[in-house]
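Protein chains in written order, with this note's numbering: chain A, 287 to 451; chain B, 287 to 451; chain C, 287 to 451; chain D, 287 to 451; chain E, 287 to 451; chain F, 287 to 451.
Just so it is clear, CB atoms sit at the ideal spot from N, CA and C, and this is done for glycine as well.
Fair warning: this is a prediction, and the values are worked out from it, not measured in the lab.
Encoded as structure tokens, the structure appears first; notes follow it.
Number of protein chains: 6
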Amino acid sequence: MSEKLCVFPGSFDPVTIGHLDLIERASRLYDEVVVAVLHNPAKQGRFTVEKRMELLAKACAHVPNVSFDHFEGLLVDYMNARNARVVLRGLRTARDFETECQMAQFNLQMAPGVETLFLAAKPEHTHISSSAVREIGMFGGDVSPYVPASIAQEVARLLKPQPKR
Amino acid sequence: MSEKLCVFPGSFDPVTIGHLDLIERASRLYDEVVVAVLHNPAKQGRFTVEKRMELLAKACAHVPNVSFDHFEGLLVDYMNARNARVVLRGLRTARDFETECQMAQFNLQMAPGVETLFLAAKPEHTHISSSAVREIGMFGGDVSPYVPASIAQEVARLLKPQPKR
Amino acid sequence: MSEKLCVFPGSFDPVTIGHLDLIERASRLYDEVVVAVLHNPAKQGRFTVEKRMELLAKACAHVPNVSFDHFEGLLVDYMNARNARVVLRGLRTARDFETECQMAQFNLQMAPGVETLFLAAKPEHTHISSSAVREIGMFGGDVSPYVPASIAQEVARLLKPQPKR
Amino acid sequence: MSEKLCVFPGSFDPVTIGHLDLIERASRLYDEVVVAVLHNPAKQGRFTVEKRMELLAKACAHVPNVSFDHFEGLLVDYMNARNARVVLRGLRTARDFETECQMAQFNLQMAPGVETLFLAAKPEHTHISSSAVREIGMFGGDVSPYVPASIAQEVARLLKPQPKR
Amino acid sequence: MSEKLCVFPGSFDPVTIGHLDLIERASRLYDEVVVAVLHNPAKQGRFTVEKRMELLAKACAHVPNVSFDHFEGLLVDYMNARNARVVLRGLRTARDFETECQMAQFNLQMAPGVETLFLAAKPEHTHISSSAVREIGMFGGDVSPYVPASIAQEVARLLKPQPKR
Amino acid sequence: MSEKLCVFPGSFDPVTIGHLDLIERASRLYDEVVVAVLHNPAKQGRFTVEKRMELLAKACAHVPNVSFDHFEGLLVDYMNARNARVVLRGLRTARDFETECQMAQFNLQMAPGVETLFLAAKPEHTHISSSAVREIGMFGGDVSPYVPASIAQEVARLLKPQPKR
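Rendered as structure tokens:
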């Protein structure tokens, strides 16, 4: 297994500037970063997995050593399939921490070589989340401060509620 | 700056099995791990910095790619002096997280290339701390479940209260 | 925009004695208090927005400078429409705080003049929530310690499960 | 009301080794332990209440003074029906605490003699939950480290996704 | 070891109405309650251990099955000396919980039969602490809402700052 | 008592850009803002109360409706002396919240008209504190991103460690 490759898993529904900052920072720490979109069949996302990957690719066009993938099921199975051992996750709040910490502990027990490394979000990003972006956009608010500039218009358009009939 | 070297700073007053587990895990993720004992002139430790480094060296004798150092002052200055960019820290509880997160955010602002990566403590280590070890030892309790086996006797002996007069 | 008017938004599904205490305290701090029921089309409440407003009006009959309204969509749009700049919210627990803080930070960014001011719930109200009232009432428990006296009977009657068939 | 009997309520969907540890510890503190499965008609469990009780009984076959029951509605009504005054609950994280604390405070107000006593989970169990077991099992991961040995195979088989078609 | 006896350890510097409520509740759950004042030689209290015990005895004069003691060193040693296995502690906030939980986990590991049972403070007591009482009293504020009526005057008098010279 | 005046109490040892932002925001919500430096005789500050007030005055020179004061003892006594009823405080983290909430609850009980209103710190300020500024400055780090520009040089100079002998 390689410790030069890191996998950054998540829903990215859609990618935010907080995610992008973490991806950029990861790209300076690892030779290769794989952003892996979790496809959860039990929980319909707002965007399709394909659209999320497309938005990620546009947002990260300037990051040389990043690639995109999607997976379903357990993260540890995906990690083994990729021969990867480093999971990277961002932390924003104490609440995030408890959930993330439990997942990292499970993953380490299920696949002893698989380590989760956490990066603290920058202070100015700690309140930003995909769900906040979806809610602001759904009600016609301005999402552009929260999503990468290269995809802001598209995300706004896709989230905007359609006029009824 | 090298991303193959990580610095694991702390007080290690004394090193616990929680610390040792993190050092071992770090040694599998990085080519070189520097355990750096913080010498805080304003806060007298229970053990001298020299003794803490000696205990660390004994506890980590089986870890090939680890070395020991000490520093005073700002961590970012030490990181620059070592030409290192990865700080590694463990997280145990939500309370840890808030303090650690703020330090990581400051360090990233003060030295933009310096990233702090966090590892979640193993569940069975989440309650263990140097201060708990000191308190248990000071009152004659058994510290051996909480410090590495190779130093347990010495730590117990050093912590044991001296008979008065 | 007026800083003499405050808007107290919420679901109020139904109003509790915790809410009433905050409204009374707000009425002594601002010339005019607008209690604004959020109508969330994506999340069916237990009571209709009309019934929630009716219960609020009964519960607050003794508060001279309060009025009631409802809104849909972003709070900042409602604030602008009302020419208001002060949002008032109660805080009960550390968990409340993280959610509320993020919303306040978003609202301040989306509408720079719109400030959210938080009041700490009284200690004896920190465990009370509309959802707890609904659950207690649904199973035939006594909700009267938790909702204003003037509406306790009506709330109990409306929450009581109907005999099947 | 008897203080020699304790009721350990929960969903147990399914029972984990964390639950079993708490039941064993409770059995040494009280003459009689009643494990009471909450049947929540509004929230479909993964296992039926009957199956959850069956799994509990198998897992606790070695505990002499434990019995199993199920209930619907308010815990305080069940406590009164059983003439019991001690509720026992486990605590794992700070987040657990806020929710549990509020329920205990409500129950004490609704039935003044009914006290909730909390036991801290062992450190090595703090990350384990029924929902994590369900998710791991659903994706074919190994649940055996997290459920009692006597039911591990059955739980794994029941959680395993059925081949489609 | 007896599970009919519980030990309620603490600093009680001085006893508050929150402590008294917990002692009263404990006295209804256990045949015998021992309130044990921790004497920490490293941390000078505001009241002597003797005065703290005297204030406790006055405050609890109406509780039949309670006695008072003091101890120094590890709680588990005291528990063994008393042949007791149940420690009782109150919980007020999420912050309390982390500290208390770690101590309970250590105590269970150091003395496997010694269990810590937690009671949630009543909502109206969650903000009350000995340190708040000391600070309010030191600046001449009214401590009577926070300490038992039978000792309020004495506590106020003892905390009041002496006129200088 | 006037609800047009707010008191912003704190240690301000020294004032940070987080404090300044809150003062500016308060100045737009209240006719008059009094920044009140707490003089705690039991806890020596890094700067004298006089110097802290001088630094505050320089930092807030552009804020028309703010004045500066200092007090010792209970905040509620100071509020009564000023005939003020609104305390303003900032909140940064969940940990802040618990402490602040308890103080607000005490103050409301001790002086029923005195309300504490909380403002959430801006995301980019949530990690900034006077103690972090002191520590960074003491070790020769750059404090200028964290203190108002008008006082940055002076604060840096005053915090800088003196060459020994």
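Practice task
Tell me the start and end of each unbroken beta strand (DSSP E) in the region 342-390 of chain A that is at least 3 residues and wholly inside, in chain order.
Solution key: Runs found: 352-357 and 370-377.
Exercise for the section: Check whether the region 321-333 of chain F touches the region 356-372 of chain F, taking contact to mean three or more Cβ pairs, one atom from each stretch, closer than 8 Å. Expected result: Counting Cβ pairs under 8 Å, three or more are found: they touch.
Exercise for the section: Count the C-beta pairs between the region 415-429 of chain F and the region 388-400 of chain B that are closer than 8 Å, then say yes if the count reaches three, no if not. Expected result: Contact annotation: the region 415-429 of chain F touches the region 388-400 of chain B, with at least three C-beta pairs closer than 8 Å.
Handout entry: Proximal residues of chain D, C-beta to C-beta of A/Leu360 below 9 Å
Key = Residues of chain D passing the Cβ test: Glu421, Ile422, Phe425, Gly426 and Gly427.
Practice task
Measure the Cβ-Cβ separation of D/Glu384 and E/Ala380 and say whether it is below 9 Å.
Solution key: In this structure, E/Ala380 lies closer than 9 Å to D/Glu384 by Cβ.
Handout entry: CA-to-CA distance, B/Tyr432 to D/Pro409, given in whole angstroms
Key = Approximately 13 Å, taken between the alpha carbons.
Exercise for the section: Please name the residue in A/Val400, A/Leu374 and A/Leu341 whose C-alpha comes closest to that of A/Ala367. Expected result: Closest by alpha carbon: A/Val400.
Handout entry: Interface residues of chain C facing E/His413 [CB-CB closer than 7 Å]
Key = Within 7 Å Cβ-Cβ: Pro409.
Practice task
Could you tell me whether the Cβ atoms of D/Val352 and D/Val319 are closer together than 9 Å?
Solution key: For D/Val352 and D/Val319, yes; Cβs fall inside 9 Å.
Handout entry: Nearest-angstrom Cβ-Cβ length linking F/Glu310 and F/Val349, presumed shorter than 8 Å
Key = The C-beta separation of F/Glu310 from F/Val349 comes to about 6 Å, placing the pair in contact by the 8 Å criterion.
Handout entry: chain B residues whose Cβ lies nearer than 9 Å to that of A/Leu444
Key = The contacting residues do not exist; A/Leu444 stays about 32 Å from chain B at best.
Exercise for the section: State the beta-bridge partners of F/Ser288 as determined by DSSP. Expected result: Answer is F/Ala370, bridged to F/Ser288.
Exercise for the section: Inspect the beta-carbon positions of F/Ala312 and F/Ile437 and report whether they are closer than 9 Å. Expected result: Not closer than 9 Å, so no.
Handout entry: Cβ pair C/Leu291, C/Ala343 closer than 9 Å
Key = Their beta carbons are not under 9 Å apart, which means C/Leu291 does not touch C/Ala343 by this criterion.
Problem - Exposure of A/Ser416, with buried meaning 16 or more beta-carbon neighbours within 10 Å - result: Per the 10 Å Cβ criterion, buried.
Problem - Cutoff 9 Å: F/Arg381 Cβ touching any chain B Cβ - result: Using a Cβ-Cβ cut-off of 9 Å, F/Arg381 counts as an interface residue toward chain B, since at least one Cβ of chain B sits closer than that to its own.
Practice task
Could you tell me which residues DSSP puts in a beta bridge with E/Leu403?
Solution key: According to DSSP, E/Leu403 shares a beta bridge with E/Leu374.
Exercise for the section: Verify the CB distance criterion: does D/Phe298 have a CB-CB separation below 9 Å to chain C? Expected result: Chain C, which has no Cβ nearer than 9 Å to the Cβ of D/Phe298, makes this no.
Problem - Neighbouring residues, chain C, relative to D/Glu384 (Cβ below 8 Å) - result: By Cβ distance, chain C contributes Thr379, Ala380 and Arg381.
Practice task
Output the distance between the C-alpha atoms of A/Leu315 and B/Glu289, rounded to the nearest integer angstrom.
Solution key: For A/Leu315 and B/Glu289, the distance between alpha carbons rounds to 6 Å.
Problem - F/Ala328 versus F/Leu341, F/Leu374, F/Gln439 and F/Ser297, residue with shortest Cα-Cα distance - result: The option with the nearest alpha carbon to F/Ala328 is F/Ser297.
Problem - Interface residues of chain F facing E/Ala418 [CB-CB closer than 9 Å] - result: Gln388, Met389 and Phe392, listed in chain order.
Handout entry: Among E/Phe404, E/Arg443 and E/Ala435, the one whose alpha carbon lies nearest that of E/Gly426
Key = Out of E/Phe404, E/Arg443 and E/Ala435, E/Arg443 has the C-alpha closest to the C-alpha of E/Gly426.
Practice task
With 8 Å as the C-beta to C-beta threshold (strictly closer), list the residues of the region 302-322 of chain F near chain C in chain order.
Solution key: Considering only beta carbons, the part of the region 302-322 of chain F lying closer than 8 Å to chain C consists of Arg311, Arg314, Leu315 and Tyr316, in chain order.
Problem - Exposure of A/Pro398, with buried meaning 16 or more beta-carbon neighbours within 10 Å - result: Exposed, because fewer than 16 other Cβ atoms sit within 10 Å of the Cβ of A/Pro398.
Practice task
Using 10 angstroms around the beta-carbon of D/Thr402, count the other beta-carbons present and answer buried if the total reaches 16, otherwise exposed.
Solution key: Of the other Cβ atoms in all chains shown, 16 or more fall within 10 Å of the Cβ of D/Thr402; this residue is therefore buried.
Handout entry: Chain-ordered neighbours of F/Val372 on chain C, where CB pairs are closer than 8 Å
Key = Here the neighbours are Leu315.
Exercise for the section: Kindly say whether B/Gly399, judged by its beta-carbon, lies nearer than 9 Å to any beta-carbon of chain A. Expected result: Yes, B/Gly399 lies at the interface with chain A (some Cβ there is under 9 Å from its Cβ).
Handout entry: E/His413 versus A/Tyr364 - alpha carbon distance
Key = Rounded to the nearest angstrom, the two C-alpha atoms are 47 Å apart.
Exercise for the section: List the residues of chain C that A/Ala431 touches, going by C-beta distances under 9 Å, in chain order. Expected result: Before going further, note that residue 431 of chain A is Pro rather than Ala in the sequence given. Those are Gln395 and Met396, listed as they occur along chain C.
Practice task
Round the Cβ separation of B/Pro434 and B/Leu306 to the nearest angstrom and send it over; I've been treating them as touching at under 8 Å.
Solution key: Indeed they touch by this definition, with Cβ atoms about 5 Å apart.
Problem - Limits of the unbroken beta strand (DSSP E) element including B/Val323 - result: Where B/Val323 is concerned, the enclosing beta strand (DSSP E) stretches over Glu318 to Leu324.
Exercise for the section: Out of F/Leu308, F/Asp299 and F/Val293, state which residue places its alpha-carbon closest to the alpha-carbon of F/Leu405. Expected result: Among F/Leu308, F/Asp299 and F/Val293, the Cα nearest to that of F/Leu405 is on F/Leu308.
Problem - Bridge partner(s) assigned by DSSP for B/Gly296 - result: For B/Gly296, which the question treats as bridged, DSSP gives the partners B/Val323.
Handout entry: Beta-carbon proximity of A/Val293 to A/Val372, cut-off 9 Å
Key = Contact flag set, yes.
Practice task
Flag F/Thr334 as yes if its beta-carbon sits less than 9 Å from any beta-carbon of chain C, otherwise no.
Solution key: Chain C places no beta carbon closer than 9 Å to that of F/Thr334, leaving this residue out of the contacts.
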